[in-house]
Every structure is written in structure tokens, then in C-alpha cells.
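So the protein sequences, as listed, match chains Z and W.
Note that my numbering numbers the first sequence so that position 126 is 721, with each residue one more than the last.
Note that my numbering numbers the second sequence so that position 124 is 764, with each residue one more than the last.
All C-beta atoms, glycine included, are put in the ideal place defined by N, C-alpha and C.
Computed from a prediction, not measured in an experiment: that's the story for all the values here.
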Amino acid sequence: MKSLRIPRSPKVLLGMGILVFFLLLTIIGPYLAPDDPNDTLFLPNTGPSAHHWLGTTSLGQDVFSQLLVGARATMIVALLAGLVATILATTIGVTAGYIGGKTDDGLTLLSNVFLALPGLPLLIVIDSYLPVGSRSNAFIIGLIISLTGWAWGARVIRAQTMSLRNRDFVEASRIIGEKRLRIMFSEIAPNLLPILASSLLFTVLYSIGAYVTLAYIGLTSTSVWNWGTMLYWAQSNNAPLSGEWYWFVPPGLCIALVGTGLALLNFGIDEFINPRLRLAGLTSKQRRKVGLPRRVRLGLTPVLRQPARTNPAPLGEVTSP
Amino acid sequence: MLLILRRIGLYVLTAWVAVTVNFALPRAMPGNPIQNLIGKIQSQVTPQEIKAIELSFGGSFKHGFFNQYWTYLTQLFHGNLGVSITLGEPVRSILDASVPWTVGLIGVATVISFVVGTFAGAMLGWTRGSRFDTVIPTATFFQAVPYFFLATVMLLVFGSDLHWFPVLGAYSDSVTPGWNWAFVVSAVRYAELPLISVVLSSMAGWILGMRNMMITMIGEDFVLMAVAKGLPRRRVIFHAARNAVLPSIANFSLAIGLVVSGALLVELVFNYPGVGDLLLQAVLNEDYPLIQGIFLIITLTVLAANLIADFIYLALDPRTRTEAAA
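Quick look at the structure:
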């Protein structure tokens, strides 16, 4: 942990915990489901009970099973789209930033166009033209989502690459005759890691929202279970207005939790990139312990190598020549 | 001025991309789109209507590709967006009825969200490390909730359970639409709950961006100088905030796209008679001309909003003006 130097504030730990939980659910969720999510065997519209933890739908399906099974499709599409978008953003951002000139102009224009196009309406237009068969294909949907979500990352990565390209170590590898591709991917890209991570989290967050939204308005196959399809069926059966909260609240809450987890983790990366933000990672109790004032307003931000060490080392050990 | 010209160029290009997507998509799919479309219309189709549909696609497929593309573009310039399959009316007149509702709702929501979020972000940046910091995870949670989900919960709790707000629709049945007092009051009342839900879900981005910039600004010498001069705290905060707000405005294009996308779904939840509600109907009925028309109108509106943000940016940041003069 220490070598990663990621601030271990409660925010980051909480975010990490949430994400690990849902990643586990992605893997084992479908095996945990007590019933088949499509089975219409049960008494419809019953509230939560010992047998059906989250009640049943108006078709008599078990909501809890749908939630567990749906976790996988939702998370996989979000992760896939996020990953593809980040790879796209890195390739385009690093190329534009490093090569510069006309290439940069063209690629910057391209990402600006994609930034200005409203993402969701574009997604809906593309998706509505897809043949029905492709709409159940997680891969295709993921690719289309990534197509609308890469531009922001590319812009940030380009800016950072431009600040790196004239540093000494890059200059040095250029002088010893390294190939351009090698400089781009083994000299510059590793130094972009925090920004890449933040960009990945951001695009996953965007993708999960986009995917769930498409499913909610019925533009993905309604027979593939994900949290958006659950909301779609709940909405089309008027669950919200008839007070069947156990049907539509759990999937929405799960989406919100995953999103919050991603955002919290992103705070940690922000604090890592910009040390001035880091003070916020300490609770006021920790700050008192290390002898900082409760509020630091102006001037330099104190950055602690070891935030809030609980038992300070005895004086004798610190002495060294 | 240079900045504005360059941005206008970008927006024209973006609009052109949107138009081209609309033109190319139907052709990328299997089958003849015009025949597919005519086959889907439930009512009787007159030859004139077929002609109108063909025109909106850029003429019959017998003509060459560029010929079709040219016809398509000229048709767009004349405002011909085709005929809706399900409603049998020109797409343009359908949009004319619903666009004002959406622009009103989203426009007001965006302004409120920006002003309140930026103000809150400035205060949070200034008092960082205080107990107010808990606002950040809370706001993040509200942003992570899908807009339509938050809207659904609010509709349920404040609308149908507590009856604090009227729900479903944009005005009461008892008033006549038009510029009369009763109608305006009713429209405002019906817009409150959708407005609050959009503002709640979109505020976190503004808060966070502003807070982080504010914290960075506080470390700058000019803020220290302002304090050393003995300026009142309010003036110092204002000094720092004026500089910290620039990135927020520069990033407006990203934010507005997200807000519009989310707000469309809020309309859907509240049965608000705007473009979002229309879009869902169009998607359900596979009404392609309507979907495309909506996409185009949303894109153009978003681009116009971006242009306004650019003007504001130019007015606020003197550096962009000197760059143009040099």
C-alpha cells in the first residue's frame, strides 16, 4: 500500500470497499441467485418476505434473483465500455500530445466535436437503428457506448502528454534514438498512470449510466437481465406509482452505490495528483493528533509523509547522523 | 474574437457531423430505408406523402449518393425534417410544440445548478477540512443516482405520497394554455419538482470542480496578498472565486451534454410534454424521422448553449482577449 502512495482517507477506503463488493457480485452473483430470474412461478406483487427478500414482480418473478443476475451484465458492459474508451482516449490523447502539429490539430478537433455532441441522444439514434439481435449483444452495446465516452479523457491525457514531452528523460530517450512508438508507450504512458486511472473511473461511471439508461428506455434487449431492464419493467408495470418500492428501489440503489464507489476512489486519485487537495483526506481528529490547526486556509498546504501516525516513534530512534 | 470564431467553426463542424450521422445511419442498415419506413406507417399513405418522405431522405435511391446528400442538406435548411410515422405530422411542427417546454425546464435548471453549485463549491473550497466537507460525498451520491431514478423516487415521495407538488404533465387541466396568469402559475408549479430533481442530480459536478479549483487558488500569492492588504474576507473569497470559476465555464460543453441527457429522462418520468417524453414515444414506435429530428434539435440547442458559455468566458477572462489582439 505504501508503495502505491494512494491517500488512505476514509473516502477512498469506502469507495474501494464498495467496488470490491460489486466486482465480487459480478463474478458470483448469478450463482447466488435463489431462483431463475425469468421464472414466473410465484405469487405476483408480494412485498419482501423470508422467501423473497425483495418481493416479487407483477409477473411473479423473484426481484432479488433478478438483482443478483443483473449485476453481471451491468458491470461487464460498464467495465468493457470504460476500458475501450480509455484505450481510445489514451491512444488519441498521447498521439495528439506527443506528435503535435497537424496531427494534433486534427485529433483535437475530433475530440472537441465528440465533446460537443450530446452523448445520450447520439447513443439513442445509433442504438435505435441496430437490428434487434445486436441489442442483446453486450459487446456491441459496450463498443457504442465507448464511442460516445472517450473524448473527455483524450483531452485531459493530451494536455498532460504535452507537459511531459519536453522533460529531460523523454529528451534523453529521443537522443539515444528510441523509436517514437516506444517513447510514447514506455516513457510517457507510465507517467500518465494516475490520469489514466481517473479517466478509466470516469468512463466506467459514464458507461454504467449510459447502459442503464438505454435499458431503461427499452433500447437494449428486454430479455437480458441488467439493472436498467429491471427499472424498465418496473416502470412499464407502474411499480413506482403503485408503491412497489421493493421492485424499483434496489436496482437504482445498486447503480448509485457503484457510482458513488467510483467517484470516491476518484477523489483519492485527485488528491494524489494535486497534493493541495490532500488535507481533506485527514479527519479533524487526525489533524489535531499531528499538531495541525483544525483549518488551514491560506498559504502552503502541509503534506504529511505519514498521515496521523498513532504512536510517534521514540525520540532515540530518530537520531541519525 | 479569434476564440469565438474558432469555436463557431467547431460548432458548425459538430452540427455537420450530427447531420451526417442522421443521413448515413439509415443507409448503413440492411434494406431500403424508405421502403422500410413506408411499410411501417399504419395509416393510408398518399403519393405526396411518399414524395415528402423520400425528399427528407435526400430523394429516391435511384439518384447518386452525392445528389442525395445535397438534396438532404437543402431539405434540412428549409426546415423539412420529414414526417413522423406514428403521428402523421411533419416532425418540425411536432417539435415546435415540445421544444419550448424542454428548453425552459433544462435552461432554468442548468442556470440554478451552475450558480448554486459554484457558490457552494467556492465556500467548500474556502472552508476545506471543516464539517461542511460531508456535503461532497452526499452530492456525489445524488449525482451517481441515475437522473430518472432520483426523479422517480421524488415523484413518489413528494408528489403522490405527500402531495407537496403537482405531478404528471406541465400544467393543470383546469387552465387554458396561453399567456394568462393562471396558466403561468400552474406551469411554474408543475415544473418545480422536475426542476429540483435535475438540479439535485447535476450539482455535484459544479461543486466539486469549483472546490478543487478554489483550493488550488487559495495557495496562490495573490490571495495571500489580498489577505495581507487586510481586505474583508468576502472580498478575498470573491477574488479567488473569480479566478477559480474559469475552468468550470470552459468545461461547460461537457456538463451541458450530461445535464441534457439526464433531463430528457426526467421529463419522461414526469410525463412532461417536452422533447424527452417525445423521444421515448419515438423510440418505442421506431419512429425514425422523429428520433432523428429530436437528435438534431437537441444537438443544435446544446451547441447554442456552448456558444453562450464561450461568450461569457471571453467576457470573464481578459487573457483570451489579449491573445486575440496580439
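- Query: Is residue 950 (chain W) closer than 9 Å to residue 647 (chain W) when the C-beta atoms are compared?
  - Reply: yes
- Message: Taking a contact to mean a Cβ-Cβ separation below 9 Å, would you say residue 654 (chain W) touches residue 856 (chain W) in this structure?
- Response: no
- Message: Given a cut-off of 9 Å on the beta-carbon distance, is the pair residue 841 (chain Z) and residue 624 (chain Z) in contact?
- Response: no
- Query: With burial defined as no fewer than 16 other Cβ atoms inside 10 Å of the residue's Cβ, what is the status of residue 783 (chain W): buried or exposed?
  - Reply: buried
- Contact between the region 899-916 of chain W and the region 738-752 of chain W (3+ Cβ pairs under 8 Å): yes
- Check distances from the C-beta atoms of the region 924-952 of chain W to those of chain Z and list, in chain order, the residues that come in under 8 Å. 924, 926, 928, 931, 932, 934, 935, 938, 939, 942, 943 and 946
- Task: Taking only beta carbons into account, state which residues of the region 771-793 of chain W come closer than 9 Å to chain Z, listed in chain order.
- Result: 771, 773, 776, 777, 780, 781, 782, 783, 784, 785, 786, 787, 788, 789, 790, 792 and 793
- Query: Quick one: is residue 688 (chain W) buried, meaning 16 or more other Cβ sit within 10 Å of its Cβ, or exposed?
  - Reply: exposed
- Which residues, in order along the region 831-847 of chain W, keep a beta-carbon less than 9 Å from a beta-carbon of chain Z? 844
- Message: Please state whether the Cβ-Cβ distance between residue 788 (chain W) and residue 851 (chain Z) is less than 9 Å.
- Response: no
- Message: Need the endpoints of the alpha helix (DSSP H) that residue 789 (chain Z) sits in, please.
- Response: 788-811
- Task: Say whether the region 708-717 of chain Z touches the region 771-788 of chain Z, bearing in mind that this needs 3 or more beta-carbon pairs closer than 8 Å, one atom from each stretch.
- Result: no
- Task: Per DSSP, which residues does residue 699 (chain Z) bridge with? Please list them.
- Result: DSSP, once it has assigned bridges, lists no residue as partnering residue 699 (chain Z).
- In the structure shown, what three-state DSSP assignment does residue 630 (chain Z) receive? coil
- Alpha carbon to alpha carbon, what distance is there between residue 845 (chain W) and residue 899 (chain W)? 10 Å
- Roughly how far, in whole angstroms, is the beta-carbon of residue 741 (chain W) from the beta-carbon of residue 929 (chain W), given that I think they are within contact range, below 8 Å? Not quite, the Cβ-Cβ distance comes to about 21 Å (not below 8 Å), so this is no contact.
- Message: Using 8 Å for Cβ pairs, my map puts residue 676 (chain Z) next to residue 729 (chain Z). What's the rounded Cβ distance?
- Response: The pair is not a contact, with the Cβ atoms about 15 Å apart (cut-off 8 Å).
- Task: Could you please tell me which residues of the region 600-620 of chain Z, in chain order, have their CB closer than 7 Å to any CB of chain W?
- Result: 606
- Query: Using the C-alpha atoms, what's the distance from residue 880 (chain W) back to residue 787 (chain Z)?
  - Reply: 29 Å
- Distance, residue 708 (chain Z) Cα to residue 791 (chain W) Cα: 30 Å
- Grouping DSSP H, G and I as helix and E and B as strand, with all else coil, what is residue 651 (chain Z)? strand
- Item | residue 861 (chain W): first and last residue of the uninterrupted alpha helix (DSSP H) it sits in | 861-868
- So the alpha helix (DSSP H) residue 1039 (chain W) belongs to, where does it begin and stop? Lying before the first or after the last residue shown, residue 1039 (chain W) is absent from chain W, which here runs from 641 to 966.
- Query: Going by beta carbon distance, what residues of the same chain come within less than 7 Å of residue 804 (chain W), once the five residues before and after it are set aside?
  - Reply: 798
- Task: Run down chain Z in chain order and give the residues with a C-beta less than 7 Å from the C-beta of residue 709 (chain W).
- Result: Those do not exist, as residue 709 (chain W) stays about 18 Å from chain Z at its closest Cβ, beyond 7 Å.
- Beta bridge counterpart(s) of residue 723 (chain W) as assigned by DSSP: W:730
- Give the residues of chain W in contact with residue 796 (chain Z), contact being defined as C-beta atoms less than 9 Å apart. By Cβ distance, chain W contributes nothing, its closest Cβ being about 12 Å from residue 796 (chain Z), past 9 Å.
- Look at the alpha carbon of residue 846 (chain Z) and the alpha carbon of residue 821 (chain Z), and state the distance between them as a whole number of angstroms. 9 Å
- Query: From residue 864 (chain W) to residue 858 (chain W), what distance separates their C-alpha atoms?
  - Reply: 8 Å
- Message: As a quick exercise: from W:807, W:896 and W:932, pick the residue whose alpha carbon is nearest that of residue 841 (chain W).
- Response: W:896
- Near residue 613 (chain Z), which residues of its chain fall below 8 Å by C-beta distance, leaving aside the five closest residues on each side in sequence? 852, 853, 855, 856 and 859
- Query: Does the beta-carbon distance from residue 932 (chain W) to residue 607 (chain Z) come in below 9 Å?
  - Reply: no
- Listed from N- to C-terminal order along the chain, which residues in the region 803-815 of chain Z have their beta-carbon within a distance smaller than 7 Å of any beta-carbon of chain W? 804, 807, 808, 811, 812, 813 and 814
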